[in-house]
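Since the structure comes first, as structure tokens, the remarks are kept for the end.
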Amino acid sequence: MRVYLDHAATTPVDPRVLAEMKPFFSQKFGNASSLHSFGREAKEALELARERVAKLIAASPDEIIFTSGGTEADNLAVLGGFDAARGNKVVCSAIEHPAVLEPCNELGRRGAERTLLPVNSEGIVELSAARKLVSGASLVSVMHANNEVGSIQPVVELARVARDAGALFHCDAVQSAGKIPADIKKLGVDLLTLSSHKIYGPKGVGALFVRRGAKIKPIVFGGGHERALRSGTENIAGIVGFGKACELALRELPRESKRLAALRDRLLKKLLEMEGAFLNGSKGARRLPNNINVSFEAIEGEGILLGLDDFGIAVSTGSACSSKKLQPSHVLLAMGRRPEQAHGSVRFTLGRGTTAKQVDFAAARAVDVVERLRAMSPFKPGQDLSAVDFGGHEEEVL
Amino acid sequence: MDFYSEKVMQHMRKPKNVGEIKNADGVGKVGNIQCGDIMFVYIKVKNDRIADIKFKTMGCGAAIATSSMVTELAKGKTLDDALKISKGDVASSLGGLPAIKFHCSNLAADALHAAIQDYLTKKGAASSATKKHPKTKR
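So the sequences go chain by chain: A and B.
Residues in the first sequence are numbered consecutively from 869, following the working numbering.
Residues in the second sequence are numbered consecutively from 183, following the working numbering.
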């Protein structure tokens, strides 16, 4: 049995999405900007997809800009939004995805003031701190739900705080859209990022919602596509797939979110039965219905990941050893977790194809893997490891 | 190419010499909690050879595999030969490691050497204690 529990990383393309996309490779292959019939049929498909994406977030189609993915949409929002706004201060939460953090850092390198909003131990932005820190901001960016711990942010309140401060408000909804309602009117955001491959659409497509009246500058220049906000011949097949994925997500959201929450809680209950296992982030309603992030004391995440991988189970980890930069999860650290808790963290994210049988299998194998690694560890669960330092460990600087 | 070689995966799945030695002749402890890899190596020494060796590791796949490999390489060797076991030996015996994981092989070699140093220090302290004779006060 292969059990995929890493849906926050990516999702399989739904067969219905693939079917919708197929004609647009070799049959309806026209360039949507061409005036002839080939172009017109591509354009029609483009605009239908745009309507479907807009519907997912209760926006108007003319408020949707297609991009090459969530990262590009985040870059457009941060760099393009900041460029159009007045002032020289950018604010984002300490737990943003690198696709938001890095453009903010870049603005900092270019001379802007860059401020991070702290989060509490559940990974939720503290409103009282935000109210003070947002003053004077040109742009504020806070994600709807965090990709690592699933914590759902108080976006409505934060958007209001940003509005009162005269700042543009951007919300990365890459992980939340399709899992929890993301109605831009209710949220009150100016900009919002969506990603196709997180909701059973193809990789390489995303969108930025730009509220009518909100101003941003482009970061990609060329033939003037997408109201000159994102030039480049449109990836029609991908966009068509994205549109279909949004349509399916919207339709299935109420049922699917309940089903996922039940499976999530079933898996979580079993995992927390283990000694030295702790949940990272909030329980229940302030958490994405498909997300579990658990720290296992005295052992390390990559070891757990590979152990589960040997059983055909796919998960992810916040350990330093598993990252390219050998840094533990910045999200867990921002939540006040100690390094060893970040190192021992494992994220399980469920999805459309997840069943109770898979969940039970994963729980049972997780117990086996954790036991095996605990037997190898010099430490026991419950031991305070905060001061552990035996030295003799020189990093090879890469 | 796979991230980890087949040899590394073998040592990860079925590591050799996991455990502790009660009343070990030498114990080496390396690593720090910031980076997340910590290794303990225990040795039993007879006639200047490593008669028995065990390890306990908290760390990633490479950390486990390198700990396992270093104990395999050191078992039965003279202390002098064991001190010569380098991080390069550990990595090459495993069929190579991804560059980002080289530091794990350093750690494994360091842990072994620390255990041997611990033994030598204890032995040196013990022998100087028996050799000590009272000095006449001037």
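Glycine included, every Cβ here is placed at the ideal spot set by N, Cα and C.
Please read all numbers here as calculations on a predicted model, not as lab measurements.
Exercise. Take the Cβ of L1266(A) as the centre, count every other Cβ of all protein chains shown within 10 Å, and call the residue buried at 16 or more, exposed below.
Key: With a pLDDT of only 35 at L1266(A), under 50, the local geometry of the prediction cannot be trusted, and no value is derived from it.
Exercise. Have a look at G210(B) and A953(A) and give me their C-alpha separation to the nearest angstrom.
Key: 58 angstroms
Self-check item: Beta carbon proximity, D271(B) to chain A, threshold 9 angstroms
Solution: no
Quiz item: When the distance is taken between beta carbons, is D292(B) closer than 9 angstroms to V190(B)?
Solution: no
Exercise. Verify the contact flag: S1163(A), CB atom, against every heavy atom of the ligand NAP, threshold strictly below 8 angstroms.
Key: Of the ligands one can find in the structure shown there are none, so the ligand NAP has no counterpart to examine.
Quiz prompt | Sequence-distant residues of the same chain with beta carbon closer than 7 angstroms to E940(A), five excluded per side | solution = G1074
Quiz item: For T1185(A), which of helix, strand or coil comes out of DSSP?
Solution: strand
Self-check item: DSSP beta-bridge partners of V1302(A)
Solution: Since the first and last residues shown for chain A are 869 and 1266, residue 1302(A) lies out of range.
Self-check item: Residue of E1102(A), R1098(A), Q1226(A) and G1250(A) minimising C-alpha distance to L914(A)
Solution: E1102(A)
Exercise. Output, in sequence order along the chain, the residues in the stretch 239-250 of chain B whose CB is closer than 8 angstroms to any CB in chain A.
Key: T239, M240, G241, C242, G243, A244, A245 and I246
Quiz item: Roughly how many whole angstroms lie between the Cα atoms of R1127(A) and G955(A)?
Solution: 45 angstroms
Quiz prompt | Where the beta strand (DSSP E) through T219(B) begins and ends | solution = Note that residue 219(B) is Asp in the sequence shown here, rather than Thr. Note, D219(B): beta strand (DSSP E), D219 to K228.
Quiz item: Can you find at least 3 beta carbon pairs, one from the stretch 240-252 of chain B and one from the stretch 282-289 of chain B, that sit closer than 8 angstroms?
Solution: yes
Quiz item: Cα-Cα, which of A1210(A), R1205(A) and G937(A) is closest to Q1043(A)?
Solution: G937(A)
Quiz prompt | 4 or more residues per run - each alpha helix (DSSP H) lying fully within the stretch 1205-1233 of chain A | solution = 1207-1211
Exercise. Hey, could you find the ends of the alpha helix (DSSP H) V1162(A) is sitting in?
Key: Counting along the chain, V1162(A) falls outside any alpha helix (DSSP H), though it belongs to the beta strand (DSSP E) covering N1159 to F1164.
Quiz item: So, is K1112(A) buried or exposed, given that buried needs 16 or more other C-beta atoms within 10 angstroms?
Solution: buried
Quiz item: With respect to the alpha helix (DSSP H) encompassing H1065(A), which residues constitute its N-terminal and C-terminal limits?
Solution: No alpha helix (DSSP H) contains H1065(A), which DSSP labels as neither H nor E.
Quiz item: Shorter than 9 angstroms from the beta carbon of K335(B) to some beta carbon of chain A?
Solution: Because chain B spans 183 through 320 in this model, residue 335(B) falls outside it and cannot be assessed.
Quiz prompt | For R1098(A), three-class secondary structure by DSSP | solution = coil
Practice problem: Under 8 angstroms between beta-carbons, which chain A residues line up against N214(B)? List them in chain order, please. | Solution: V1256, D1257, F1258, G1259 and H1261
Quiz prompt | Buried/exposed call for K1047(A), threshold 16 Cβ in 10 Å | solution = buried
Quiz item: Does the beta-carbon of F1077(A) have 16 or more other beta-carbons within 10 angstroms, so that it is buried, or is it exposed?
Solution: buried
Practice problem: Under 8 angstroms between beta-carbons, which chain A residues line up against V200(B)? List them in chain order, please. | Solution: A1243 and M1244
Quiz item: Considering only residues of the stretch 235-283 of chain B, which uninterrupted alpha helix (DSSP H) runs meet the minimum length of 4 residues and lie entirely inside it, listed in chain order?
Solution: 243-256, 261-266 and 269-275
Practice problem: Would you please verify whether the beta carbon of F1247(A) is less than 9 angstroms from any beta carbon of chain B? | Solution: yes
Quiz item: Under the three-state reduction of DSSP, which class applies to L886(A): helix, strand or coil?
Solution: helix
Quiz prompt | is_contact[E1264(A), chain B] using C-beta, thresh 9 angstroms | solution = Caution applies to E1264(A), whose pLDDT of 42 falls short of 50 and renders its modelled position unreliable; the value that the coordinates give is listed next. Output row for E1264(A): interface = yes.
Quiz item: Residue range of the beta strand (DSSP E) that S961(A) falls in?
Solution: K957 to S961
Quiz item: Going along the stretch 279-296 of chain B in order, which residues come within less than 7 angstroms of chain A, judged by CB to CB distance?
Solution: A281, I282, F284, H285, N288, L289, D292 and A296
Practice problem: Taking C-beta pairs closer than 7 angstroms, name the residues in chain B that I1167(A) reaches, listed in chain order. | Solution: M240
Quiz prompt | Euclidean distance between Cα positions of L1194(A) and C217(B) | solution = 7 angstroms
Quiz item: Is E1170(A) close to chain B, meaning its C-beta is less than 9 angstroms from at least one C-beta of that chain?
Solution: yes
Exercise. Give every residue of the same chain whose Cβ lies closer than 8 angstroms to the Cβ of E188(B), excluding the five residues on either side of it in the sequence, and list them in chain order.
Key: G277
Quiz prompt | Extent of the continuous alpha helix (DSSP H) run through K896(A) | solution = Unbroken run through K896(A): none, as it is neither H nor E.
Practice problem: Please confirm if K263(B) has its CB atom under 9 angstroms from at least one CB of chain A. | Solution: A quick correction: the sequence has Asp, not Lys, at residue 263(B). It does not; no Cβ of chain A falls within 9 angstroms.
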